[in-house]
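**Student:** Going by UniProt numbering, the sequence shown opens with residue 1, and the numbers climb by one from there.
Questions regarding the structure given below will be posed in turn.
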Amino acid sequence: MNVKMMVNQQAAAAMVMATAANAAKESPLKEVIRVADVVKRFPGKHAVNALEDVSLSIREREFVSILGPSGCGKSTLLRIVAGLVPHSEGVVQVNNKAITRPIPEIGVVFQTSNMLPWLTVEQNMMLGAQLRKIPKECIAPKVRELTRMLGLSGFENNHPHQLSGGMRQRASIGQILALDPSILLMDEPFGALDALTRDLLNVELLRIWQERMQTVLLVTHSIQEAVFLSDRVLVMSARPGRITHDIAIDLPRPRRPESIKGNPRYGEYIAQISQIMGVY
Ligand SMILES: Nc1ncnc2c1ncn2[C@@H]1O[C@H](COP(=O)(O)OP(=O)(O)OP(=O)(O)O)[C@@H](O)[C@H]1O
Numbered sequence: 001m002n003v004k005m006m007v008n009q010q011a012a013a014a015m016v017m018a019t020a021a022n023a024a025k026e027s028p029l030k031e032v033i034r035v036a037d038v039v040k041r042f043p044g045k046h047a048v049n050a051l052e053d054v055s056l057s058i059r060e061r062e063f064v065s066i067l068g069p070s071g072c073g074k075s076t077l078l079r080i081v082a083g084l085v086p087h088s089e090g091v092v093q094v095n096n097k098a099i100t101r102p103i104p105e106i107g108v109v110f111q112t113s114n115m116l117p118w119l120t121v122e123q124n125m126m127l128g129a130q131l132r133k134i135p136k137e138c139i140a141p142k143v144r145e146l147t148r149m150l151g152l153s154g155f156e157n158n159h160p161h162q163l164s165g166g167m168r169q170r171a172s173i174g175q176i177l178a179l180d181p182s183i184l185l186m187d188e189p190f191g192a193l194d195a196l197t198r199d200l201l202n203v204e205l206l207r208i209w210q211e212r213m214q215t216v217l218l219v220t221h222s223i224q225e226a227v228f229l230s231d232r233v234l235v236m237s238a239r240p241g242r243i244t245h246d247i248a249i250d251l252p253r254p255r256r257p258e259s260i261k262g263n264p265r266y267g268e269y270i271a272q273i274s275q276i277m278g279v280y
């Protein structure tokens with residue numbers, strides 16, 4: 001084969017690879033969460049209209065955050081998607097199936113740890129799988145790997161009260177990840193932690209997301225956190241909550257605080273969202 005033929009073959013191979021890469025880039029990812037025209041009323045003496053015509057769509061492996069004023073219905077929306085709270089009107093689907101109760105594909109992390117105080121970190125991380133009758137030998141290697149990944153090696157036999165707040169929250173995330181959910185719903189998971197621990201855990205969360213690529217829906221009060229982590233930020237109005245803005249965050253990945261926080265676009269997104277939310 002002469003040199004010209006080799007060059008032509010290489011060029012053709014490069015073109016095929018580029019076309020495949022473009023096709024992969026352009027092929028729309030599957031819609032995983034679909035919320036359409038959802039209304040939520042809490043009836044009773046102090047009836048509350050919490051959500052009004054909320055619609056959103058989240059695709060496979062997207063990281064989406066929800067911001068909004070206190071009481072606008074962010075947690076209610078998350079709990080509806082999780083199947084923990086029924087909605088009054090509209091459609092809520094996960095992987096094309098109507099959500100009427102919690103399903104194994106969805107893991108939920110709340111602000112406070114769900115760990116049982118009388119069990120160790122490892123026992124807590126095994127618990128969900130045991131309740132689902134998954135054999136111990138299947139779950140044990142996964143729990144060991146998660147313990148390492150979450151920086152909890154050496155603390156497996158500690159009880160929750162023997163951990164710092166940040167470690168407790170990491171262990172709570174481990175409890176959920178041990179069940180291998182394809183969708184992670186998080187309600188202010190680091191809200192009770194100090195700013196430094198929160199920043200560190202955000203970096204951890206991105207690393208976990210990048211390694212496992214779950215679809216993530218996060219409720220947060222922090223504009224910085226939402227911009228740093230997300231592919232899209234949804235902003236809700238005051239109650240009854242509606243989604244008023246859907247902002248694509250076009251910052252490069254992988255994201256590290258030192259590279260992102262110096263990026264002028266990071267500052268611009270924060271300014272834009274602060275203005276939308278009326279906070280400066
Ligand atoms: N179980 C309930 N019964 C009655 N009203 C409720 C219930 N849960 C939530 N609400 C009301 O629904 C509205 C939305 O509450 P929700 O907790 O979803 O807001 P939020 O945006 O998550 O608030 P925050 O940012 O302060 O955590 C509030 O007015 C709240 O009082």
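Think of the CB as a built atom: it goes at the ideal place given N, C-alpha and C, for glycine as much as any other residue.
Does at least one heavy atom of ligand 1 sit under 7 Å from the Cβ of Gly107?
**Tutor:** By one-based count along the sequence shown, residue 107 stands at place 107. Gly107 Cβ: outside cutoff for every heavy atom of ligand 1.
**Student:** Using 8 Å as the threshold, is the C-beta distance between Ser65 and Leu229 below it?
**Tutor:** In the sequence shown, the residue the question calls residue 65 occupies position 65. In the sequence shown, the residue the question calls residue 229 occupies position 229. Closer than 8 Å, so yes.
**Student:** Considering only C-alpha positions, which residue in the set Ser222, Pro69 and Asn49 is nearest to Thr244?
**Tutor:** Counting from 1 along the sequence shown, the entry for residue 244 is found at position 244. The option with the nearest alpha carbon to Thr244 is Pro69.
**Student:** Leaving out five residues on either side along the sequence, give the residues of the same chain with a beta carbon under 7 Å from the beta carbon of Asn95.
**Tutor:** On the sequence shown, position 95 is the one that residue 95 refers to. The answer, listed in chain order, is Val32 and Glu105.
**Student:** Based on DSSP bridge pairs, tell me the residues matched to Phe63.
**Tutor:** One-based indexing of the sequence shown puts residue 63 at position 63. DSSP, once it has assigned bridges, lists Val216 as partnering Phe63.
**Student:** Check whether the Cβ of Lys45 lies closer than 7 Å to any heavy atom of ligand 1, and answer yes or no.
**Tutor:** What you label residue 45 is simply residue 45 of the sequence shown in a count that begins at 1. Outside the cutoff, so no.
**Student:** Following the continuous alpha helix (DSSP H) through Val32, name the residue where it begins and the one where it ends.
**Tutor:** In the sequence shown, the residue the question calls residue 32 occupies position 32. Run containing Val32: none in the alpha helix (DSSP H); it sits in the beta strand (DSSP E), Glu31 to Phe42.
**Student:** With distances taken Cα to Cα, identify the nearest neighbour of Ala82 among Leu67, Ile103 and Glu62.
**Tutor:** Here residue 82 is taken as the residue at index 82 of the sequence shown, counted from 1. Of the candidates Leu67, Ile103 and Glu62, the one whose C-alpha sits nearest the C-alpha of Ala82 is Ile103.
**Student:** Spatial neighbours of Gln272 within its chain, please: C-beta separation below 8 Å, excluding the five flanking residues on both sides.
**Tutor:** The residue you call residue 272 lines up with position 272 of the sequence shown. Excluding residues within five positions, the ones whose Cβ falls inside 8 Å are Ile247.
**Student:** At a cut-off of 7 Å, is Arg242 close to ligand 1 when judged by its beta-carbon and the heavy atoms of the ligand?
**Tutor:** In the sequence shown, residue 242 corresponds to position 242, counting from 1. Arg242: no, Cβ never under 7 Å from ligand 1.
**Student:** With a 10 Å radius around its C-beta and 16 neighbouring C-beta atoms as the bar for buried, classify Asn263 as buried or exposed.
**Tutor:** The sequence position of residue 263 within the sequence shown is 263, counting from 1. It counts as exposed.
**Student:** Could you give the C-beta distance for Gln93 and Arg170, rounded to a whole number, given that I count them as a contact under 8 Å?
**Tutor:** Along the sequence shown, read from residue 1 onward, the residue named residue 93 stands at position 93. Along the sequence shown, read from residue 1 onward, the residue named residue 170 stands at position 170. About 31 Å separates the two Cβ atoms, so there is no contact after all.
**Student:** Does the count of Cβ pairs from the stretch 48–63 and the stretch 106–116 closer than 8 Å reach three?
**Tutor:** The stretch 48–63 vs the stretch 106–116: no contact.
**Student:** If we ignore side chains and look at the alpha-carbon of each, how far apart do His46 and Val54 end up?
**Tutor:** As a working note, residue 46 is residue 46 in the sequence shown. As a working note, residue 54 is residue 54 in the sequence shown. Approximately 22 Å between the Cα atoms of the pair.
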